[in-house]
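Structure first, then comments.
Protein chains: 2
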Amino acid sequence: MAKHVRNRVVVERVRPEIDAGRFPIKRVAGESVVVEADAFADGHDAITCVLRYRPAGGEWREAPMEALGNDRWRGEFVVEKLGPHEYTVAAWLDVFASWQRDLRKKVDAGQNVSVELLGGAELVTKAARRAKGDKRLLKEWAERLEATEPDPAAGLAPELAELMARHAERRDVTTYERVLDVRVGPTDAAFSSWYEFFPRSFGTLADAERMLPYIERMGFSVVYLPPVHPIGVTNRKGRNNTTESDADDPGSPWAIGSEDGGHTSINPDLGTFDEFDRFVARAREHGLEVAMDLAFQCSPDHPYVKERPEWFRRRADGTIQYAENPPKRYEDIYPLDFECEAREELWAELRNVVDFWVDRGVRVFRVDNPHTKPFAFWEWLIGGVHEDRPDVVFLSEAFTRPKVMNRLAKVGFDQSYTYFTWRTTKWELTEYLTELTQTETADFFRPNLWPNTPDILPEHLHHQGAPAFMARLVLAATLGANYGIYGPAYELCENIPLAPGREEYLNSEKFEIKKWDVDDPHSLSDLIARVNRIRADNESLHSDRTLRFREIQNDNLIAYTKQSPDGSNLVLVVVNLDAEHIQSGMLHLPLGELGIDEHASYGVHDLLTEARYLWHGEWNYIELDPGSIPAHIFRLRTRLSREEDFDYFS
Amino acid sequence: MAKHVRNRVVVERVRPEIDAGRFPIKRVAGESVVVEADAFADGHDAITCVLRYRPAGGEWREAPMEALGNDRWRGEFVVEKLGPHEYTVAAWLDVFASWQRDLRKKVDAGQNVSVELLGGAELVTKAARRAKGDKRLLKEWAERLEATEPDPAAGLAPELAELMARHAERRDVTTYERVLDVRVGPTDAAFSSWYEFFPRSFGTLADAERMLPYIERMGFSVVYLPPVHPIGVTNRKGRNNTTESDADDPGSPWAIGSEDGGHTSINPDLGTFDEFDRFVARAREHGLEVAMDLAFQCSPDHPYVKERPEWFRRRADGTIQYAENPPKRYEDIYPLDFECEAREELWAELRNVVDFWVDRGVRVFRVDNPHTKPFAFWEWLIGGVHEDRPDVVFLSEAFTRPKVMNRLAKVGFDQSYTYFTWRTTKWELTEYLTELTQTETADFFRPNLWPNTPDILPEHLHHQGAPAFMARLVLAATLGANYGIYGPAYELCENIPLAPGREEYLNSEKFEIKKWDVDDPHSLSDLIARVNRIRADNESLHSDRTLRFREIQNDNLIAYTKQSPDGSNLVLVVVNLDAEHIQSGMLHLPLGELGIDEHASYGVHDLLTEARYLWHGEWNYIELDPGSIPAHIFRLRTRLSREEDFDYFS
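Same order as they appear, the protein sequences are chains A and B. For the first sequence, our numbering begins at 1 and goes up steadily by one. For the second sequence, our numbering begins at 651 and goes up steadily by one.
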């Protein structure tokens, strides 16, 4: 129960706050954190409310908070550097402001305020005693207020208000009961474009280097490699995931470990550590981060199986438990037992694995099936890595129930795969992306949108050829500040499923070496390059926070805008979701909200085709032919746009 | 950061939870608490989730929680007795259920499960070792599972599932990180009908006793008296709140304290303590609780002013600060300084005041202007009283900003006045009552709806006579399980404001003795009696939780239902908000949702007029004439209704 405290101000409902402060919100360096809180006192006294923030362990700093009405306050700070930050809200009675406000009401009502002025003089005198500077000035004001001839104008003077605010008495300050955390990651935790490919389809890692200029030309920022470790031979899977394999079947890269080594070894077929290191260095020269796959599981031939048998579960017959999702069995994979008695050593070893690759220059990890390992493990692992290296990025590959995916994001993953892969209708996309970007989820879950992966050729890509691939690419790359594709399958529009209605690729690259002709004239690589160029040039596409869906009167057309924080960069995307027919409809833009002059025409520039139009008013006609490009990515001129971006119209 | 814990189950988002558990939810004895939580593990293992609850300090008990889908679970417990209770949620892996589910999938797929059965035998053997009873039975099952000839049917047996659930291993139980509180109050904290009157208008307290049978006849449960203490003479207000008073002006009862005493004295004009005690006892004989007014403020003549001058603020000229809301001054009132240095003694004295009256048999308090005293004071005071006497009820008379009103409810007030007094349109009533009853607010804020008070004759009652008073009465009494009126002004339809557009009564009873003719044939007392009888007879009206507004195709008509927890009692209210014209419209009832057979006609019984109708289907016609009674209160027959309530139709 409350003791006899004097604090009269209450601070509650501070947002963002994830699970009562149990988890940090996520931001990247340079990003701002907008904080709101309810703050109020009993009675009618004025209050002052401030936002307090700091890098964890650093000096607290303060930003003002502004009253929004209904006792809600808002303030903002920018996180400058990587690593953990903290924030909270403090508020106190503003005695002098209350006094001045009441004085004004009494003066306006023609009341005698001589005693009130003496009361004000007391406040100013106390401030003079307290103040480090301005002592003389404060004393002079106190004398004016005490003058025999009452001088209400002195009491009401804005200069006095300002002076007193500077020397405000912070008595009985109420600080919100929790200090809240921010995990500040590197810029590419929030804005990145991933290209996944199997280096072995190009030979060794040295051979695969020839993909780097190609991937750079397409404008990606991350090149993600499936596991590069030795592959088990026991129960190795053959082509198309069959349980029988030939001697020349390369096996699934996710069946990690053989007599050649485990998670800290390189598959000899891919080369040596020298070649790996050179690949990473070359990638960086091409502006690409190499993302490694963390798949914490073992083939039956993994050295751990012999050396640390206590890290595995046993069946009742004494054999090691293979992976299963009954009735499916994955006898080429042994899961690790994260709950085993020796878990402390197991967890430490897995941390060593991450550190090993970080020390070799890897900064980005795609984590395989994190939802089949304990949340507590990930919180411990990622937390520990981030403590030492806040620039490391972890992408969660969990396609599972929503609350499990959210929890993984809360415990530390910087990015997460999403259901985007299966969301195809306007309603689905609108609902889902609104949830991801406009609710509390946006503060801890960073979506990374993939139209395909080596595991998933979604059904809507099976039948309609390039237009479907083009539309899904534009959607992924503009709905999501983070997105990725599995190539060259994607740009070559590989779309043959294992069987009708199945999501597995026929002749999946997971189980065999593929030959890709990346110079195929039908490749979408030029379109992809253009889309990534547009992403790079338009700040509005670097974040998902400002995503807003717009009304367009045709359910086969979806329209949305994104806008940069300062409002100067405004992009409008319209996509035809029907890959087979021309679709058209009237689009509505709320010009006032977007910062576009409602009374003048405004230039729109299609960054995909370089077409430019002059639009008028809130309603405009859109028509998209999947036979050419099934999308517009318009840059729109706002009141704040830089002139040179629109010189065509000027 | 998480240590190497083994707990794989997560429990989060437990609801209800007020401000991360900072405040209790409110229930009354016998009421149930429905709790929901997200609970899930990594992977695909089944989990068990239970609700844990207890009277504070008692033994924990458990109720099962049921999976609602999407990893949401729901359970329920009943709070039997008064005082603080606690609840939380626990969950753990259900190893045997997971095993059995996987076994079924494998059996269905025709797989050899001999090793699986041995694994099951291990689980059952371990259970046999652990179990207090059923040891032999468990061993027998284990033997069946171990038999040389595999017997999958044994492994899948529901009896075995049941047996193993009884002896489940609770390893690595995850308990929600907070234990949440329930304040359990008396029944009349949630269901009460208040009648406020000024006893002095009937003479002494002994004279006022004659009102008790009258109030009982109208069916009220609480009789609330404005302050009964001595009234100050210095700056006493005259009739109509004038600053000049005659010798025979009785003064405002809220200007408490004179040389005759203060907050623990009785105004000699009202009588002695003997008379007070008799009034309370007589009231109880008539089924009425007496509610006292707690107005923690003093007239300049209050004994505290002389005895404890340090409890008051001083102006700069040394005089005591009177109450003000600039430019208004209330020079007959000195506020207490709850922040003063001697506050510990001040707060203790005010606690003594409450205890004094509780010891005299008062159990219900209406607290005047609590929003002008610190929240911490109320939390301390009410918390302390409830610790000793959980049956005491505090009503907050705070008509102020929404967040301040909510905070007062959170810190302990059992009931709160509301904006109902000014909400008149269908949209306003629907929005406001939905917020109060269907959001988190309902768990800590109990509305008490007043169509009038001595301070407020709202403008919509000024002009339209009885029909407006009738409509507002029915709204208050059926929208709110708690409601009250200020009488006899209300039942006599007193509606003359101090001036056009003002909310003060002309010749307000706050400042003068009034003469009331409660036998006036135009009095609404019979209607009030009938409405209170309907409230008493219909359990659906004893709570606000099931309030749902229904579509009716006329904005002057408002319709809503309430239903008892078991579904048997269903009441439909329709009110004509236009006090001057007949209004009619089609009403829609979702019969399936209400438990009414959609294919038969159903009886509806107007409890106000005794009219009975047979309705068909979801749409029915409503017409209400303010010239007779501007409301229906229908009882509807549901599949669960008791037959005798509808014998008219049978």
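Beta carbons are placed, not taken as given, at the ideal position from N, Cα and C, and that holds for glycine. Keep in mind it's a predicted model, so treat the numbers as computed, not measured.
#### Entry: Close beta carbons around E1358/B, own chain, < 7 Å, minus the five adjacent residues each side
Residue 1358/B lies beyond the stretch modelled for chain B, which goes from 651 to 1300, so this question has no answer here.
### Message
Among the candidates G251/A, P630/A, G465/A and F444/A, whose CA atom is the shortest distance from the CA of G232/A?
### Response
Answer by Cα proximity: G251/A.
### Query
Which chain B residues sit within Cβ distance under 7 Å of P326/A?
Listed along the chain, the chain B residues whose CB falls inside 7 Å of the CB of P326/A are D752, K755 and K756.
### Query
Of the choices D359/A, L225/A, R363/A and F273/A, whose alpha-carbon is the least far from that of P454/A?
L225/A
### Message
Let me check one thing: in DSSP terms, what residues is G911/B bridge-paired to?
### Response
S908/B
### Query
Residues in its own chain within less than 8 Å of F1094/B by CB, not counting five upstream and five downstream?
So the qualifying residues of the chain are I668, F673, P674, I675, K676, N1056, A1059 and K1060.
### Task
Anything in the segment 360-371 of chain A with a Cβ closer than 9 Å to a Cβ of chain B? List those residues in chain order, please.
P370 and H371
### Message
Using a Cβ-Cβ cutoff of 7 Å, what residues of the segment 312-323 of chain A are near chain B? List them in chain order.
### Response
R315, A316 and D317
### Message
By alpha-carbon positions, which one of L1237/B, D1187/B and P959/B ends up nearest to L1258/B?
### Response
D1187/B
### Query
Which same chain residues, not among the five before or five after K731/B, have their C-beta less than 8 Å away from its C-beta?
A679, P705 and V834
### Query
Comparing alpha-carbon positions, which option in T1071/B, T1091/B, A1131/B and P1097/B lies nearest L1111/B?
T1071/B
### Task
Specify the secondary structure class of S1251/B as computed by DSSP and reduced to three states.
coil
#### Entry: Start and end residues, alpha helix (DSSP H) containing K105/A
V95 to D108
### Query
Which residues mark the beginning and the end of the alpha helix (DSSP H) in which Q111/A is found?
Per DSSP, Q111/A belongs to no alpha helix (DSSP H) and is neither H nor E.
#### Entry: Pairwise C-alpha distance: V179/A and E388/A
Here the sequence assigns Asp to residue 388/A, which means Glu is not the residue at that position. In a straight line, the C-alpha of D388/A is about 22 Å away from that of V179/A.
### Task
Could you tell me whether the Cβ of K403/A comes closer than 8 Å to any Cβ of chain B?
Flagged as an interface residue toward chain B: K403/A, by a C-beta distance shorter than 8 Å.
### C-beta neighbour in chain B for Q297/A, strict 8 Å
no
### Task
Could you tell me whether the Cβ of A670/B comes closer than 8 Å to any Cβ of chain A?
yes
### Message
Less than 8 Å between CB atoms is the rule here; does W347/A satisfy it with respect to chain B?
### Response
yes
### Contact under 8 Å by Cβ, H936/B with E866/B
By the CB criterion at 8 Å, H936/B and E866/B fall inside the cutoff.
### Within 8 Å, strictly: CB atoms of K328/A and F511/A
no
### Task
Identify each residue in the segment 118-132 of chain A for which the Cβ-Cβ distance to at least one residue of chain B is less than 9 Å, and report them in chain order.
L118, G119, G120, A121 and E122
### Task
Grab me the residues of W141/A's own chain with a C-beta within less than 6 Å of its C-beta, minus the 5 sequence neighbours each way, in chain order.
V124 and L160
#### Entry: Where N890/B sits in the DSSP three-state scheme
helix
### Message
Could you compute how far the alpha carbon of I266/A sits from the alpha carbon of E307/A?
### Response
19 Å
### Query
According to a CB-to-CB cut-off of less than 8 Å, which residues of the segment 3-14 of chain A neighbour chain B?
K3, H4, V5, R6, N7, R8, V10, E12 and R13
### Query
Rounded C-beta distance between S1158/B and N891/B? I'm assuming under 8 Å.
7 Å
### Query
Residue range of the alpha helix (DSSP H) that P802/B falls in?
P802 to L806
### Query
Listed from N- to C-terminal order along the chain, which residues in the segment 74-104 of chain A have their beta-carbon within a distance smaller than 7 Å of any beta-carbon of chain B?
D102
#### Entry: Sequence ranges, alpha helix (DSSP H) only - wholly within the segment 1190-1248 of chain B, length at least 4
When DSSP assignments are scanned along the segment 1190-1248 of chain B, the uninterrupted stretches of alpha helix (DSSP H) that are 4 or more residues long and fall wholly within it turn out to be 1241-1244.
### Task
State the start and end residues of the unbroken beta strand (DSSP E) segment that holds I1032/B.
Unbroken run through I1032/B is the alpha helix (DSSP H), F1025 to D1038; no beta strand (DSSP E).
### Query
Exposed or buried, D1064/B, counting other C-beta atoms within 10 Å across all chains shown (16 or more means buried)?
Around the Cβ of D1064/B, a 10 Å sphere holds 16 or more other Cβ atoms; the residue is buried.
### Query
Out of curiosity, what's the CA-to-CA distance linking H1255/B and Y1263/B?
6 Å
### Query
Closer than 7 Å: is that where the CB of K1076/B sits relative to any heavy atom of the ligand NAP?
No copy of the ligand NAP occurs in the structure displayed, which carries no ligand at all.
### Message
Against chain B, does F444/A count as a neighbour if the rule is that its beta carbon must be under 8 Å from one of theirs?
### Response
Using a CB distance cut-off of 8 Å, F444/A does not count as an interface residue toward chain B.
### Query
Roughly how many angstroms separate the alpha carbons of T430/A and V1008/B, rounded to a whole number?
59 Å
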